[in-house]
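J.:
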Amino acid sequence: MSWNDERVEMLKKMWGEGQSASQIAKELGGVTRNAVIGKVHRLGLSNRNGTGPTGAPAPSTPDPKAKPAAAKTAEAPAPKPAPKPAARAEEQPEPANEPVAVAPISRIKAIIPAGQPLPPQPSANEIDPAALAKVSEIEKKAKKLTLMELTERTCKWPVGDPATPDFWFCGLPVQSGKPYCEAHVGVAFQPMSSRRDRKR
DNA sequence: CCCTGATTCGC
DNA sequence: GCGAATCAGG
Numbered sequence: 001m002s003w004n005d006e007r008v009e010m011l012k013k014m015w016g017e018g019q020s021a022s023q024i025a026k027e028l029g030g031v032t033r034n035a036v037i038g039k040v041h042r043l044g045l046s047n048r049n050g051t052g053p054t055g056a057p058a059p060s061t062p063d064p065k066a067k068p069a070a071a072k073t074a075e076a077p078a079p080k081p082a083p084k085p086a087a088r089a090e091e092q093p094e095p096a097n098e099p100v101a102v103a104p105i106s107r108i109k110a111i112i113p114a115g116q117p118l119p120p121q122p123s124a125n126e127i128d129p130a131a132l133a134k135v136s137e138i139e140k141k142a143k144k145l146t147l148m149e150l151t152e153r154t155c156k157w158p159v160g161d162p163a164t165p166d167f168w169f170c171g172l173p174v175q176s177g178k179p180y181c182e183a184h185v186g187v188a189f190q191p192m193s194s195r196r197d198r199k200r
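The structure is reproduced here in structure tokens:
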């Protein structure tokens, strides 16, 4: 594979979106994250600075400080949080286990940082009691990861209100293929039969 | 252990 | 120019 225009554009786009090199590599295919990083550097966009619009690329400070290695990645996406998920009283975004397209895991990181609604919130409601019990139990063991700590193999089940400090992601090992751990898969993927219309 | 980006250097 | 190996860190 080579860096044709399309691929470079994709790279630029995703990098600009804050995607990690490994994710970009996966998306592009045929390259490793090293290749992506190498390309990023060659393109001169290693620093996720929006190149100065006024042609002022704001070159790194000519700081003669001896310490070329490890340039702390000081990124501050700081999205605008505040969306009250509780507003979702009417809708019930719980995915069933059929043609449901839960958040594609490769996109989840791209979506969340953008201040978008989070994955299926367990509106503890209408869910198999057994599964629920299981959840509350494993939540004690949850690793309580932050957004940045999530990976393809950590449960992305959100717990709490994003607007409060008591917000975290489950983080337990995911069930192969799914975005959630076993317990959360249990409540997220309800058989259509069990979540029958209870009102709707 | 999982992951991140940064750098080096032979190709 | 490319990217694997390596490094430095979370």
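Take the first sequence: its position 140, counted from the start at 1, is 140 in full-length UniProt numbering, and no numbers get skipped.
Heads up, the beta-carbon is just placed ideally off N, CA and C, and yes, glycines get one too.
(1) Taking C-beta to C-beta, are Phe169 and Leu145 nearer than 8 Å?
(2) With burial defined as no fewer than 16 other Cβ atoms inside 10 Å of the residue's Cβ, what is the status of Ala163: buried or exposed?
(3) So for Leu145, helix, strand or coil by DSSP?
(4) Who are Thr154's beta bridge partners in DSSP?
(5) Taking its Cβ as the centre, do 16 or more other Cβ atoms sit within 10 Å of Met14, making it buried, or is it exposed?
(6) Under 8 Å, do Met10 and Glu27 count as touching if we go by C-beta distance?
(7) When DSSP labels each residue in this structure, what does Val31 get in the three-state scheme?
(8) Nearest to Arg7 by alpha carbon, out of Gly18, Ser20, Gly29, Ser46?
(9) Just how far apart, CA to CA, sit Trp3 and Ala21?
(10) Classify His41 as buried or exposed, calling it buried when 16 or more other Cβ atoms lie within 10 Å of its own Cβ.
T.: Well, looking at it:
(1) Taking 8 Å as the cut-off, the beta carbon of Phe169 is found closer than this to the beta carbon of Leu145.
(2) exposed
(3) strand
(4) Pro173
(5) buried
(6) yes
(7) coil
(8) Gly29
(9) Taking the straight line from one Cα to the other gives about 15 Å.
(10) If you draw a 10 Å sphere on the C-beta of His41, you find fewer than 16 other C-beta atoms in it, and that means exposed.
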